[in-house]
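Have a look at the structure below, then the notes.
Residue numbers (my numbering), protein chains in the order written: chain F, 1 to 359; chain H, 1001 to 1301.
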């Protein structure tokens, strides 16, 4: 298979439930072969419905789903070259681990000795050897998750669909599984389509991310692109932490904050338009007064309104007047200067860190 | 509220294994008290009559037909070996089995259909519809069937017009129509309960793992609804085995079944001890069979 072959192609797919509930609204998307692709968005944004339409568990109201160029139409799930890892795992409670994992192969009437060999292989891949005869109930959440993964992967699908597979696990286990999933994807080399509402998880794992909002695609791009150059306010707010300030475009590349001060920022709207200035908290620095701050950068004066101890960092809320607040994240290192509520400070940031976004 | 700090510490206040046991005993006693009314009722009005039936089976039939509670013996139990008893028992067994199967085949798709309706209101209404017949007396409903099945009833006339059947009342099909009608709800309800509890994600997972619709049903839905099948089968089989009213009214009481055979012993045959022995035997066999059936089902689900 060539490098840029399209694994999953969505052409104008729309899904309307009942009379007028539009879950997915006219989406066009190409997912490349071998890619780790995430559908990211808040609950109810249509990401799971999109995944289910690829799986064949739901059929689009309009548009088409193509898998490796083949039109899927209303082909049922058992006739599609994809497998799903369900959010609830959906392990068969009346079968043991071995029978759960081998289910797909047995349904495809694969030779029983072959089934046996591949079940052992798949169980080994997810490190569950010795658990073959256990019922799902007798497994921990993390182990159940691995069974669900093995049960899908054993079929060697062209595309593996994962619906918030780590949602039910605790933080430490989730982080460990994120890395393991990445490794497994690397090992088996198939396309992963991963649904999640956790932006950090999406950034960590994905080659590319599609951010969804209200049934539509908000932005599609590499993790870095989505994080560094969000296309709109929704993406800016949903992916990572972001400070938003009320402003107005003064001229190209210059923005006037509500209350007076002008700063340099990336703009795309004409002068005079109302915009929101977006800056990442980790891009901001604090200084006692303007003379300490390096020249050639933006510096905005304000007052410390609150300080929150986070452990690895301290978050300062800096009030700069009518435009709003800056959240400044300062790493907790020995040389760090501490500020108290009421202190006068200057917030410093590079012009490229600030983006003016319109509604 | 009293301030706890002002009180002198009492030895009993300190937690100890002894105190914990006391609390546990107290709560188990409370639990028993809740159950006491039902407990007393069942003992007096349920267990005692059963014991009387069992005791009577060892009594003697007196000349005037009433049981004599003096000469205790095993005569009635030995009579169970009579070939007639076996013939009747086998006939009743097959009738109950066939009725259970008929109910299962009819009820399963129906329960499945109700359980898969998306609106809660639709499901509730359909379930109420299943229960509507219970609002009137069983005997009355059976007589209503008699009118429908009689030679001037619609069912017989339709059959005659189409040349399919001549008469309906007092035939085996009439008995089965009546039995299925009477016991179908007892099959529908447990099946519905089992199917409604089903996690349909499992069926979707099956479809996703290359199972066709029928295959997913066979491998996932059917095994997971097994508790419902078992419960429904028991609820239908047991009363069908001793069915008395339906075979009598719709079948004309022409064939001897366990139900009317026992009734006969307490009626015109006036042999209470033998009737008691028959009843006790059925009870013991059914109890044993039910336990075995549940055990067999419990292991696989």
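Using N, Cα and C, we set each Cβ at its ideal position, and we do this for glycine too.
TODO: Could you tell me whether any non-hydrogen atom of the ligand SAM is closer than 7 Å to the CB of residue 128 of chain F?
DONE: The ligand SAM is absent from the structure shown, which contains no ligand whatsoever.
- [ ] Measure how close the beta-carbons of residue 39 of chain F and residue 254 of chain F come, nearest whole angstrom, since I'm counting them as under 8 Å.
- [x] The residue labelled residue 39 of chain F in the question sits at position 39 within the first chain. The residue labelled residue 254 of chain F in the question sits at position 254 within the first chain. Wrong, their Cβ atoms sit about 37 Å apart, outside the cutoff.
Open item on the list: Using a Cβ-Cβ cutoff of 9 Å, what residues of the stretch 73-87 of chain F are near chain H? List them in chain order.
Closed with: 76, 77, 78, 79, 80, 82, 83, 84, 86, 87
- [ ] Starting from residue 285 of chain F, trace the beta strand (DSSP E) both ways and give me its first and last residue.
- [x] Within the first chain, numbered from 1, the residue matching residue 285 of chain F stands at position 285. That run of the beta strand (DSSP E) goes 285-287.
Open item on the list: My assumption, with CB atoms under 8 Å, is that residue 1209 of chain H sits in contact with residue 104 of chain F. Please give the rounded CB distance.
Closed with: As a working note, residue 1209 of chain H is residue 209 in the second chain. As a working note, residue 104 of chain F is residue 104 in the first chain. Right, their Cβ atoms sit about 4 Å apart.
TODO: Check distances from the C-beta atoms of the stretch 139-160 of chain F to those of chain H and list, in chain order, the residues that come in under 9 Å.
DONE: 148, 151, 152, 155
Task: Sub-8 Å separation of residue 240 of chain F and residue 199 of chain F beta-carbons - done: In the first chain, counting from the first residue as 1, residue 240 of chain F sits at position 240. In the first chain, counting from the first residue as 1, residue 199 of chain F sits at position 199. Yes, the Cβ-Cβ distance between residue 240 of chain F and residue 199 of chain F is below 8 Å.
- [ ] Name, please, each residue of chain H whose Cβ falls closer than 7 Å to the Cβ of residue 363 of chain F.
- [x] Since the first residue of chain F shown is 1 and the last is 359, residue 363 of chain F is not available in this structure.
- [ ] For residue 1300 of chain H, collect the residues of the same chain with a Cβ closer than 6 Å to its Cβ; drop the 5 residues on either side in sequence, then sort them by chain order.
- [x] By one-based count along the second chain, residue 1300 of chain H stands at place 300. Note that residue 1300 of chain H scores 46 on pLDDT, short of 50, meaning its location in the model is unreliable; the coordinates nonetheless yield the value given after this. So the list is empty, once near-sequence residues are dropped.
Open item on the list: Does residue 219 of chain F pass the burial test, meaning 16 or more other C-beta atoms within 10 Å, or should it be called exposed?
Closed with: Residue mapping note: residue 219 of chain F aligns to position 219 of the first chain, counting from 1. Buried, by the Cβ-count rule.
TODO: Quick one: grab the DSSP three-state call for residue 1309 of chain H.
DONE: This structure leaves residue 1309 of chain H out entirely; chain H is present only between 1001 and 1301.
TODO: Kindly indicate which three-state DSSP category residue 296 of chain F falls into: helix, strand or coil?
DONE: Counting from 1 along the first chain, the entry for residue 296 of chain F is found at position 296. In this structure, residue 296 of chain F counts as coil in the three-state DSSP scheme.
Open item on the list: Pull the bridge partners of residue 192 of chain F from the DSSP assignment, please.
Closed with: One-based indexing of the first chain puts residue 192 of chain F at position 192. Its beta-bridge partners are F:36, F:160.
TODO: Establish whether the CB of residue 1210 of chain H and some CB of chain F are separated by less than 8 Å.
DONE: Locating residue 1210 of chain H in the second chain gives position 210, where the first residue counts as 1. Yes, its Cβ sits closer than 8 Å to a Cβ of chain F.
Open item on the list: Rounded to whole angstroms, what is the Cα-Cα separation between residue 1169 of chain H and residue 1239 of chain H?
Closed with: As a position in the second chain, residue 1169 of chain H is number 169, starting the count at 1. As a position in the second chain, residue 1239 of chain H is number 239, starting the count at 1. Near 22 Å, if we compare the C-alpha coordinates of residue 1239 of chain H and residue 1169 of chain H.
Open item on the list: Residues of chain F with CB closer than 8 Å to the CB of residue 1224 of chain H, please, in chain order.
Closed with: Working through the second chain from its first residue, we reach residue 1224 of chain H at position 224. Ordered by position in chain F, the residues that pass the 8 Å Cβ test against residue 1224 of chain H are 93, 94.
Open item on the list: If I measure Cβ to Cβ from residue 1 of chain F and keep anything under 7 Å in the same chain, skipping five residues before and after, which residues do I get?
Closed with: On the first chain, position 1 is the one that residue 1 of chain F refers to. Caution applies to residue 1 of chain F, whose pLDDT of 43 falls short of 50 and renders its modelled position unreliable; the value that the coordinates give is listed next. 33.
- [ ] Would you please verify whether the beta carbon of residue 1123 of chain H is less than 8 Å from any beta carbon of chain F?
- [x] The count along the second chain starts at 1 and reaches residue 1123 of chain H at position 123. So, not an interface residue.
Task: Neighbour list for residue 1215 of chain H in chain F, Cβ cutoff strictly below 7 Å - done: Sequence index remark: in the second chain, residue 1215 of chain H carries index 215 (1-based). By Cβ distance, chain F contributes 107.
Task: Member of F:342, F:282, F:350, F:261 whose CA lies at the smallest distance from the CA of residue 323 of chain F - done: Taking the first chain and counting its residues from 1, the one referred to as residue 323 of chain F is at position 323. The candidate whose alpha carbon is nearest that of residue 323 of chain F is F:261.
TODO: In angstroms with no decimal places, state the Cα-to-Cα distance between residue 5 of chain F and residue 69 of chain F.
DONE: As a position in the first chain, residue 5 of chain F is number 5, starting the count at 1. As a position in the first chain, residue 69 of chain F is number 69, starting the count at 1. Taking the straight line from one Cα to the other gives about 9 Å.
Open item on the list: My parser needs the alpha helix (DSSP H) runs of 4 or more residues fully inside the stretch 31-87 of chain F; what are they?
Closed with: 47-55
Open item on the list: Would you say residue 104 of chain F lies against chain H (beta-carbon separation less than 8 Å)?
Closed with: For the purposes of this step, residue 104 of chain F is taken as the residue at position 104 of the first chain. Yes, its Cβ sits closer than 8 Å to a Cβ of chain H.
TODO: Measure the C-alpha to C-alpha separation of residue 66 of chain F and residue 301 of chain F and round it to an integer number of angstroms.
DONE: Here residue 66 of chain F corresponds to residue number 66 of the first chain, with the count starting at 1. Here residue 301 of chain F corresponds to residue number 301 of the first chain, with the count starting at 1. Approximately 54 Å, taken between the alpha carbons.
Task: Three-way DSSP call (helix, strand, coil) for residue 209 of chain F in this model - done: Mapped onto the first chain, residue 209 of chain F falls at position 209. DSSP places residue 209 of chain F in strand when its eight states are reduced to three.
Open item on the list: I want to see whether chain H comes within less than 8 Å of residue 122 of chain F, judged by CB atoms only; does it?
Closed with: Counting from one through the first chain, the residue named residue 122 of chain F turns up at place 122. No, because no Cβ of chain H sits closer than 8 Å to the Cβ of residue 122 of chain F.
- [ ] Please state whether DSSP places residue 325 of chain F in a helix, a strand or coil.
- [x] Working through the first chain from its first residue, we reach residue 325 of chain F at position 325. In the structure shown, residue 325 of chain F sits in a strand (DSSP, three-state: E or B).
TODO: Rounded to whole angstroms, what's the CA-CA distance from residue 179 of chain F to residue 47 of chain F? Just pull it up for me.
DONE: By 1-based counting over the first chain, the position of residue 179 of chain F is 179. By 1-based counting over the first chain, the position of residue 47 of chain F is 47. Rounded to the nearest angstrom, the two C-alpha atoms are 22 Å apart.
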